[in-house]
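Convert by adding 818 to the 1-based position in the sequence shown; the result is the number in the numbering used here. The C-beta atom is built at its ideal place from N, Cα and C for all residues, glycine as well. Before any comments, here is the structure.
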Amino acid sequence: MTDRHHLLVHGGTFAAVGDRGDISGYRGGSAPDGMFVRDARHLSRWQLTVDGAVPDTLTPVADGDTARCVLVPRGGRNEPPAYTLLREQAVGDASFVESLRVTSNRPVPTTVRLAVTADADFTDQFELRSDHRTYTKAGAVRSRRVLGHGVEFSYRRGEWRSVTTVTAEPQPDTVEETGTGARRLVWTLDLEPHGTAELVLRVMARPHGDKRALRVPRSPAALKEQLRAREGRFMEGVALPAGWPELSAACTRGLADLAVLQVPAQGPDGEELRVPAAGAPWFLTLLGRDALLTSLFALPYRPRLAAATLPALAATQATGTGVGEVAQPGKIVHEVRHGELAHFGQVPYGRYYGSVDATPLFLVLLGAYTEQTGDTGPARRLEPHARAAVGWMLDHGGLTSRGYLVYRADQGGLANQNWKDSPGAICSAEGTRPCGPVTAAGAQGYAYDALRRTAWLARTVWQDATYADLLEQAAGDLRDRFQRDFWMPEHSFPALALDGRGDQVDALASDAGHLLWSGLLDKEYGEQVGRRLLEPDFFSGWGVRTLAAGQPAYHPLSYHRGSVWPHDNALIALGLARYGLHDEARAIARGLVDAASTTGHRLPEVLAGYGRDTHPEPVPYPHACVRESRSASAPLALLTAVGGA
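This is the structure in structure tokens:
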């Protein structure tokens, strides 16, 4: 498949289409192909032919809120095209709408046979990942039913039911079978000399368990208006730096992405909420760590994200112990999935708790929200949830028994349960992986900040001075232990982690910058770390690498062993500013803003770690999320760290 994918996103729905606006049903590669709702592919084929042939692309789809392209029939220089097609597509909530306008270029009447081949395979997203796993789906049945204005595709497996309906205006002259399960909607259009005809096709997905009453918008233009209105409301009132237009543009682009990267969720009392999804295409769902960091970055500008994220995560907080989902009382969820495989327990991610850091970050956000806004309502309402989260850190998390937050590899889920969660991300400088329980450095910083902020809530909001004293003592003890056990004098830098024996995992990694953000290091150590992160082996010119170059473990195109993550750098910039290293914070901000300027002011999930001195434009990471909420909010964090300087 040579077509590029163009991603259209609207809340919990996205569609990936090719340069001609087609969906091929391709089942491999770095990006899924199709229209997806609640982790299932509700449109797996959507291919246009004209007079029995695939048209040529005159103007391919470009990035934007809608997908627009111009197509013509195949021909040559001496055979000008008989007609021109303008194709426009947009995604709505559980819907996809397309307008097709065909214009004759001839001075005589012309007949055009236009066809759209459609199918819905209802494949779970986890089946489309390139991890070579297969899943048995016994008793699954797909069916198709011709309607007056189109066709309905349905899927059944036990109690699981999903439906996709395709309708058209005007209705097709016929709906043909193709021999593959797909159906071909066919129109014969009689065009006047230089005349125009227009079709509108609408797709409505009804995923299993989604009982909302939804309507497909009347046209892509109507959907575009809705999206622009939503983006405008979300960006309203945010003061952007006039003196740094590139940072202002990155913030504007990020806010626009955050406006559409919000998915439905429920609070503890069943109230309807909209929370930041992690990112499209693979993670258009609630991920605890991602939603928390996004809300923290946006907090000074859009506190409503935090006001929704906190109760949504409280509602999914674990109350018991579950082996497959690694749940423990008080733990904050890592990932929530709504797909078929999660429903039947074939993947553990329906509610999956494989995160060591979402729980302390929940407490950090609750304290930061209360301090930033002065609104004590969430802290009062969520006091039982906050105390349960602290209880998890002290008990199951390991703070009391081991002195640190500790995780163990989950055989059915994630091997690493900190933010660097790929299998080999936690490693020595040589690249070897630690044995036994892992104590990741960054998570200890989050725990320290969580204890301090929750102590403040206990003292000022809950009026519980005894509990506040307990948490403050625990935070101070953690800080003392950390600087004793993690500091590597030969490098003047903290270790990435401790292994099961308590030995240092000695890779030089960007996680040290998170310790600055959390305030875990004393001033002398913090200043040494901050300056070290801006040396050439760490700082690529676009940002700080996840792993310093020159170590055997370093690889510029790995996910976590040398790449550059915007959200990681945003945390580092905030930490540098906290320790008074303002020149270093500005250097990181300039690198990220310059990188964004090369891609329409949008920061991707991750960039390759190649240096700016040898690569004058940032090299993309091949499997990055195109839109990612932490990266979308990263420019706001940079604005907080450096202002408009």
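When DSSP assignments are scanned along the region 1153 to 1215, the uninterrupted stretches of alpha helix (DSSP H) that are 4 or more residues long and fall wholly within it turn out to be 1158 to 1161, 1176 to 1191, 1195 to 1199 and 1201 to 1212. Exclusion of the five residues before and after residue 896 leaves no residue of its chain whose Cβ lies closer than 7 Å to its Cβ. Excluding residues up to 5 positions away in sequence, 1178, 1181 and 1182 lie with their Cβ nearer than 6 Å to the Cβ of residue 1268 in the same chain.
Taking the C-beta atoms as reference points, residue 1103 is found nearer than 9 Å to residue 1095. Annotation note: the region 877 to 931 contains the following uninterrupted beta strand (DSSP E) runs of length 3 or greater, listed N- to C-terminal: 885 to 890, 901 to 910 and 913 to 922. Within the DSSP secondary-structure output, residue 841 pairs in a beta bridge with 864.
Judged by DSSP secondary structure, residue 1038 falls within the alpha helix (DSSP H) whose first and last residues are 1038 to 1053. With respect to residue 927, residue 1008 sits close: the two C-beta atoms are nearer than 9 Å. Between residue 1196 and residue 1128, the C-beta spacing is below 9 Å. Judged by DSSP in its simplified three-state form, residue 826 adopts strand. Looking from the CA of residue 836, the closest CA among 863, 856, 857 and 855 belongs to 863. Sequence-distant partners of residue 1113 (beyond 5 residues in either direction) whose C-beta falls short of 7 Å from its own C-beta, in its chain, are 1094, 1123, 1124, 1127 and 1183.
When the alpha-carbon of residue 1042 is set against those of 935, 911 and 1224, the nearest one is in 911.
Comparing C-alpha distances from residue 1057 to each of 1045, 1047 and 1070 shows the shortest one belongs to 1070.
Looking at the DSSP output, residue 1082 bridges to 1092. Uninterrupted alpha helix (DSSP H) stretches at least 4 residues long and entirely within the region 919 to 994 do not occur. Approximately 15 Å separates the beta-carbon atoms of residue 1144 and residue 1213; this is outside 8 Å, ruling out the contact. According to DSSP, residue pairing for residue 1007 in a beta bridge involves 930.
Between residue 971 and residue 937, the CB-CB gap stays under 9 Å.
Under DSSP, the beta-bridge partners assigned to residue 1016 are 919. Minimum Cα-Cα distance from residue 1147 among the listed residues 1089, 1101, 1207 and 1297 corresponds to 1207. Three or more pairs of CB atoms, one per stretch, sit closer than 8 Å, so the region 1237 to 1245 contacts the region 1370 to 1388.
In this structure, residue 1118 keeps its C-beta atom at 9 Å or more from the C-beta atom of residue 1012. Following the DSSP letters along the chain, one finds residue 1407 inside the alpha helix (DSSP H) bounded by residues 1400 to 1415. Residue burial annotation: residue 1218 is exposed, with fewer than 16 other C-beta atoms found within 10 angstroms of its C-beta. Annotation for residue 1139: 1145, 1146 and 1147 place their beta carbon closer than 8 Å to its own, counting only its chain and skipping 5 residues before and after.
The beta-carbon distance between residue 1174 and residue 1235, rounded to whole angstroms, is 5 Å. This is short enough to meet the 8 Å contact definition. In this chain, the beta strand (DSSP E) harbouring residue 854 covers 852 to 855. A check of alpha carbon separations from residue 1132 across 1171, 1065 and 1204 identifies 1204 as the nearest. Cβ neighbours of residue 995 within its own chain (closer than 7 Å, five residues either side excluded): 1001. Residues of the same chain with a CB within less than 8 Å of the CB of residue 1044, apart from the 5 flanking positions on each side, are 910 and 1035 in chain order. Of the candidates 1097, 886 and 1027, 1027 places its Cα closest to the Cα of residue 977.
Taking the Cα positions, residue 1388 is about 49 Å away from residue 892. When the five nearest sequence neighbours on each side are left out, the beta carbons in the same chain lying within less than 7 Å of the beta carbon of residue 1061 are those of 1462, in order along the chain. Take the alpha-carbon of residue 1134 and the one of residue 1107: they are about 13 Å apart. Of the residues assessed, residue 1330 falls on the buried side of the cut-off, its CB having 16 or more other CB atoms within 10 angstroms.
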